[in-house]
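For reference, the structure discussed in these notes is given below.
Residue numbers (this note's numbering), protein chains in the order written: chain A, -11 to 258; chain B, 0 to 75.
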């Protein structure tokens, strides 16, 4: 019998602790963001570092003390630490003129590394979506991934021509170094999908169902806005689509390709 | 724009205080990793190590990147 192209899993009831924890987490991140805007990058980075350290401590405690049934919660804590880590990396990475179109894009490299490590880590619970390949036989799974990629490309072109932008244009530079900056900017999209949809979302969905998925989407939207400002609107629109598609198909291929393509078209065409 | 078109754009001339925040976090995590060994014992420490290693990995990479760029600036 052929495997269904779309997978529907039963939802669990939302634990009260999850909602309270997610709200507290959002409040703390909001406080750190306020500190960054009021006091500058150093104090902002210090606040995100403190949040990151606190989450690592909680993760260690939960992982060491918790019985096997609580390993999901420990895993969720550990992976949720990627949110303040991303902000810490953004605020404290050296700005490099070499990267031309995106001088602060170096933060993407450690983010890719930690996302890939978390995605591959067997001790983090949860069934992670497939990164390469299509979820099942037949044309429908392939078509779904194709539609996601097409929407990503369309949003990238639309954003490049409609969103106001005052930074350097791709034709400003004649050297090939600009493509490294553009590539890192594009890879940020793929790394984000791997971290948020590939690692965080399956865990959050297992623990809290739709609320967990919504919280994961909110986290990814927050990181996008914090990095790109309001240029992140098309990224958020795509994230809403990939959130649903990755959950239903358990396949990351289209999401990673679409987000990478969106970012690439945005940085090159604007 | 002048800065973006600098003749040696790989050089890291200005060092901002924010660059050192991940270094401090990295040192704290490495210190904690050593303390855990003494506090929990080898078997339970293994569970804590993997959590800390996930946190250490990107910070260590960023630190090496920073040191590499700075060394390049000093030598070149």
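No residue lacks a Cβ here, since even glycine has one placed at the ideal position from N, Cα and C.
Since residue i is in the alpha helix (DSSP H), which residue starts that stretch and which ends it?
i, result
"residue 122 of chain A", "Careful: residue 122 of chain A lies outside any alpha helix (DSSP H) and carries neither H nor E."
"residue 163 of chain A", "Counting along the chain, residue 163 of chain A falls outside any alpha helix (DSSP H), and DSSP gives it neither H nor E."
"residue 40 of chain B", "Element bounds for residue 40 of chain B: n/a, residue is neither H nor E."
"residue 219 of chain A", "Note, residue 219 of chain A: premise wrong, no alpha helix (DSSP H); not H, not E."
"residue 28 of chain A", "Note, residue 28 of chain A: premise wrong, no alpha helix (DSSP H); not H, not E."
"residue 60 of chain A", "59 to 68"
"residue 108 of chain A", "96 to 108"
Could you name the residues that DSSP lists as bridge partners for residue i?
i, result
"residue 239 of chain A", "A:118"
Out of the options, point me to the one whose CA is closest to residue i's CA.
i, options, result
"residue 81 of chain A", "B:65, B:74 and B:71", "B:65"
"residue 167 of chain A", "A:246, A:257, A:101 and A:5", "A:257"
"residue 60 of chain B", "A:199, A:185, A:101 and A:85", "A:101"
"residue 13 of chain A", "A:210, A:248, A:217 and A:235", "A:210"
"residue 242 of chain A", "A:5, A:118, A:38 and A:92", "A:118"
"residue 134 of chain A", "A:29, A:11 and A:233", "A:233"
"residue 88 of chain A", "A:29, A:165 and A:136", "A:165"
"residue 35 of chain A", "A:48, A:50 and A:18", "A:18"
"residue 246 of chain A", "A:138, A:237, A:23 and A:127", "A:138"
"residue 197 of chain A", "A:157, A:212, A:231 and A:104", "A:231"
"residue 177 of chain A", "A:141, A:154 and A:157", "A:141"
"residue 181 of chain A", "A:217, A:136 and A:199", "A:136"
"residue 78 of chain A", "B:74, B:57 and B:44", "B:57"
"residue 70 of chain A", "B:50, B:71 and B:14", "B:50"
"residue 91 of chain A", "A:10, A:155 and A:200", "A:155"
"residue 17 of chain B", "B:62, B:53, B:74 and B:28", "B:62"
"residue 7 of chain A", "A:195, A:93 and A:238", "A:195"
"residue 185 of chain A", "A:126, A:53, A:227 and A:128", "A:227"
"residue 172 of chain A", "A:39, A:84 and A:109", "A:84"
"residue 89 of chain B", "A:10, A:33 and A:15", "The structure shown does not extend to residue 89 of chain B, since chain B is modelled only from 0 through 75, so no value can be given for it."
"residue 44 of chain B", "A:213, A:52, A:124 and A:16", "A:52"
"residue 174 of chain A", "A:38, A:74 and A:244", "A:244"
"residue 261 of chain A", "B:20, B:19, B:53 and B:35", "Residue coverage of chain A in this structure runs from -11 to 258, which leaves residue 261 of chain A outside it and unanswerable."
"residue 248 of chain A", "A:235, A:170 and A:94", "A:170"
"residue 94 of chain A", "B:13, B:46 and B:68", "B:68"
"residue 240 of chain A", "A:23, A:104, A:157 and A:15", "A:104"
"residue 20 of chain B", "A:22, A:235, A:86 and A:76", "A:76"
Measuring only between beta-carbons, confirm whether residue i sits less than 8 Å from chain C.
i, result
"residue 50 of chain B", "No chain C is part of this structure, whose protein chains are labelled A and B."
Spell out a yes or no on whether the stretch 141 to 158 of chain A and the stretch 244 to 258 of chain A are touching, meaning 3 or more CB-CB pairs, one atom from each, closer than 8 Å. With a cut-off of 8 Å on Cβ pairs, the stretch 141 to 158 of chain A is in contact with the stretch 244 to 258 of chain A, counting three or more such pairs.
So, does the stretch 175 to 195 of chain A touch the stretch 108 to 116 of chain A, judging by three or more C-beta pairs under 8 Å? Yes, they touch.
Pair every Cβ in the stretch 219 to 234 of chain A with every Cβ in the stretch 24 to 40 of chain B, then say whether three or more of these pairs are closer than 8 Å. Judged by Cβ distances under 8 Å, the stretch 219 to 234 of chain A makes no contact with the stretch 24 to 40 of chain B, as fewer than three pairs qualify.
Take every Cβ of the stretch 200 to 210 of chain A, pair it with every Cβ of the stretch 89 to 104 of chain A, and state whether three or more of those distances are shorter than 8 Å. Result no; under three Cβ-Cβ pairs closer than 8 Å.
When the Cβ atoms of the stretch 60 to 75 of chain A are set against those of the stretch 146 to 160 of chain A, are three or more pairs found closer than 8 Å? Too few Cβ pairs lie closer than 8 Å, so no.
Do the stretch 43 to 54 of chain A and the stretch 153 to 161 of chain A meet, that is, are 3 or more Cβ pairs less than 8 Å apart? Look at the beta carbons and you see the stretch 43 to 54 of chain A not touching the stretch 153 to 161 of chain A: under three pairs across the two are nearer than 8 Å.
Three-pair Cβ contact test at 8 Å for the stretch 16 to 33 of chain A versus the stretch 39 to 57 of chain B: With a cut-off of 8 Å, the stretch 39 to 57 of chain B and the stretch 16 to 33 of chain A do not count as touching, because too few Cβ pairs lie within range.
Please go through the stretch 14 to 75 of chain B and give each complete beta strand (DSSP E) segment of 3 or more residues, from N-terminal end onward. You should have found no qualifying run.
What alpha helix (DSSP H) runs, 4 residues minimum, are completely inside the stretch 135 to 216 of chain A? List check, alpha helix (DSSP H) in window: 166 to 180 and 189 to 216.
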